[in-house]
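To keep things clear, I will list the structure first and then write my remarks on it.
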């Protein structure tokens, strides 16, 4: 018989398990439920996107399916031509199971036995969110990866960012949930052991003094009483042996102390700090990208000037020369040069006529190039002044200038077509084409807009997290 008092240890053990059970029921399991709700929200958005983009077939029986227990979706092999229907049904079942879990599952120690925990882990691992690979051995994960890769190519930047954010959250949260379920499973082992102690050791037919004569005697007495008091609860030999070792095995006092320490509830829970994204910095990076547009505009401006001169020389008839002499003699201003160009609306696919006043246009282009050139350097007064503005003013500036760049791009495209059609004869071969420059300009505008969209995505994500009660500052 060990030197320590078994009754004192048992009392401490019961109190520790009871306290930790309350902690799980009121705090930890509610935290797990909250994380599952975020996962379900992310999976639902991905599922809806797959349906919207016709990547999977909608399950016609989705609303008719009823669940009473957690079951992971089938992960067996299916033919490629069955992908839309089979995978669609499995992903639909996965989303429905998460919905059931968040709405009806009882997150409590008394309900979440070892079998249910095992089923939850299987559900969590139904798709390898942290490793979406085309080479995955899991048919479900492989097809999910395939669809995600396709959509990343097809979606606009904002939608792609939203999808990627949902995938990332599923990966992070399910990893966290699996670790929590592993800890819960270990605690349920202790709950089982305490239940055995209470039901078996307190039974009138169990003689504690006799049991403590030897480990073999204690095991024999437990096996004798167990069926009468534990009903259909399985007899876990390994856990029963742990009870015996804690009572009278070698180093039992150390084992008891370690067990009580393991059951202690931490006063503070260390949370992994989420790196906060500096959203304003993203905006300023977008602003700085305007600097890359500057040299492109300068090069285009030079070509436009050359084409203007070619066109002027073509129209330089004797009469024009005579009129120019008269205007110079009487100190009269030269008439404004206007070009009639056609601009195609990229959205509406409609064409409209627009009058370009050459001098005003070329002056505006040069001013734009100079201003954007100043934005390319963080040390410039222009950049520093803008950096000191509020986020709202920076966004207004960004939107306004993206609009100006897009308008300039359309006008330059129309002007390029105009020069090519207006210059005739041998002079036509001298016209400087700017198609390549316009492609470069378009790509530069797209890069600026991508940073703007990234900012919007970050802000949208922060707002969603706030609604869910999650802060990146925690």
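Numbering (the working numbering), first residue to last: 1343 to 1816. C-beta atoms are modelled at their ideal positions from N, C-alpha and C, and glycine is treated no differently. All of these numbers come straight from a predicted model, not from anything done at the bench.
Same chain, Cβ closer than 7 Å to residue i, five either side skipped, listed in chain order
{"i": "residue 1488", "result": "1476"}
{"i": "residue 1374", "result": "1449, 1519, 1522"}
{"i": "residue 1548", "result": "1542, 1563, 1567"}
{"i": "residue 1354", "result": "1602"}
{"i": "residue 1425", "result": "1485"}
{"i": "residue 1821", "result": "In the structure displayed, the chain extends from 1343 to 1816; residue 1821 sits before or after that span and is not available."}
{"i": "residue 1627", "result": "1793"}
{"i": "residue 1609", "result": "Unreliable placement is indicated for residue 1609, whose pLDDT of 45 sits below 50; the coordinate value is still reported in the next sentence. Cβ neighbours of residue 1609 beyond the five flanking positions: none."}
{"i": "residue 1550", "result": "1543"}
{"i": "residue 1431", "result": "1401"}
{"i": "residue 1576", "result": "none"}
Contacting residues, own chain, Cβ-Cβ under 6 Å from residue i (five flanking each side not counted)
{"i": "residue 1356", "result": "none"}
{"i": "residue 1371", "result": "1449"}
{"i": "residue 1343", "result": "Reliability of the predicted coordinates at residue 1343 is poor, the pLDDT of 38 falling under 50, and the value obtained from them is presented with this limitation in mind. Contacts found: 1554."}
{"i": "residue 1611", "result": "Per-residue confidence for residue 1611 stands at a pLDDT of 38, beneath the threshold of 50, marking its modelled position as unreliable; the derived number appears in the next sentence. Closer than 6 Å at Cβ, skipping near neighbours: no residue."}
{"i": "residue 1345", "result": "The predicted position of residue 1345 is uncertain, since its pLDDT is 40 and thus under 50; a value taken from the coordinates is nonetheless stated next. There are no such residues."}
{"i": "residue 1494", "result": "1502"}
{"i": "residue 1414", "result": "1464, 1465, 1468"}
{"i": "residue 1472", "result": "1513"}
{"i": "residue 1545", "result": "1567, 1571"}
Contact set for residue i: own chain, Cβ-Cβ below 8 Å, skip 5 residues either direction
{"i": "residue 1484", "result": "1475, 1476, 1477, 1478"}
{"i": "residue 1777", "result": "1758"}
{"i": "residue 1724", "result": "1713, 1716, 1717"}
{"i": "residue 1748", "result": "1787"}
{"i": "residue 1552", "result": "1559, 1563"}
{"i": "residue 1817", "result": "No information on residue 1817 is available, as it lies outside the stretch 1343 to 1816 that the chain covers here."}
{"i": "residue 1740", "result": "1625, 1628, 1629, 1790, 1794"}
Among the options, nearest to residue i - alpha-carbon criterion
{"i": "residue 1467", "options": "1755, 1516, 1721", "result": "1516"}
{"i": "residue 1481", "options": "1445, 1440, 1419, 1428", "result": "1419"}
{"i": "residue 1469", "options": "1503, 1720, 1509, 1496", "result": "1509"}
{"i": "residue 1789", "options": "1772, 1769, 1630, 1804", "result": "1630"}
{"i": "residue 1655", "options": "1578, 1592, 1766, 1799", "result": "1766"}
{"i": "residue 1504", "options": "1739, 1728, 1378, 1386", "result": "1386"}
{"i": "residue 1775", "options": "1769, 1768, 1762", "result": "1762"}
{"i": "residue 1366", "options": "1526, 1703, 1421", "result": "1526"}
{"i": "residue 1455", "options": "1643, 1679, 1524", "result": "1524"}
{"i": "residue 1403", "options": "1435, 1377, 1391, 1380", "result": "1435"}
{"i": "residue 1379", "options": "1740, 1706, 1443, 1550", "result": "1443"}
{"i": "residue 1798", "options": "1650, 1623, 1457", "result": "1623"}
{"i": "residue 1580", "options": "1600, 1528, 1546", "result": "1528"}
{"i": "residue 1769", "options": "1648, 1540, 1382", "result": "1648"}
{"i": "residue 1538", "options": "1578, 1506, 1500, 1634", "result": "1578"}
{"i": "residue 1683", "options": "1697, 1672, 1671", "result": "1697"}
{"i": "residue 1540", "options": "1646, 1352, 1736, 1680", "result": "1352"}
{"i": "residue 1635", "options": "1746, 1625, 1396, 1392", "result": "1746"}
{"i": "residue 1703", "options": "1678, 1722, 1727, 1693", "result": "1678"}
{"i": "residue 1556", "options": "1738, 1591, 1569", "result": "1591"}
{"i": "residue 1680", "options": "1599, 1650, 1575", "result": "1650"}
{"i": "residue 1396", "options": "1497, 1695, 1733, 1736", "result": "1497"}
{"i": "residue 1389", "options": "1585, 1437, 1801, 1362", "result": "1437"}
{"i": "residue 1605", "options": "1727, 1416, 1363", "result": "1363"}
Residue span of the beta strand (DSSP E) that contains residue i, given as start and end
{"i": "residue 1827", "result": "Since the first and last residues shown for the chain are 1343 and 1816, residue 1827 lies out of range."}
{"i": "residue 1686", "result": "1680-1686"}
Extent of the continuous alpha helix (DSSP H) to which residue i belongs
{"i": "residue 1704", "result": "1700-1717"}
{"i": "residue 1598", "result": "1594-1604"}
{"i": "residue 1623", "result": "1621-1631"}
{"i": "residue 1427", "result": "1425-1446"}
{"i": "residue 1571", "result": "1557-1572"}
{"i": "residue 1386", "result": "1371-1394"}
{"i": "residue 1735", "result": "1733-1764"}
{"i": "residue 1481", "result": "1481-1496"}
{"i": "residue 1473", "result": "First-last for residue 1473: undefined, no H or E at that position."}
{"i": "residue 1651", "result": "1635-1656"}
{"i": "residue 1534", "result": "1499-1538"}
{"i": "residue 1464", "result": "1456-1466"}
{"i": "residue 1723", "result": "1723-1729"}
{"i": "residue 1550", "result": "1550-1553"}
Per DSSP, cross-strand counterpart(s) of residue i
{"i": "residue 1696", "result": "1683"}
*asked:* With three or more beta-carbon pairs closer than 8 Å as the criterion, would you say the region 1630-1641 touches the region 1715-1723?
replied: yes
*With contact counted as at least three CB pairs below 8 Å, one residue from each stretch, are the region 1743-1756 and the region 1776-1788 in contact?*
yes
*asked:* Three Cβ pairs or more, each shorter than 8 Å: is that satisfied between the region 1524-1533 and the region 1401-1418?
replied: no
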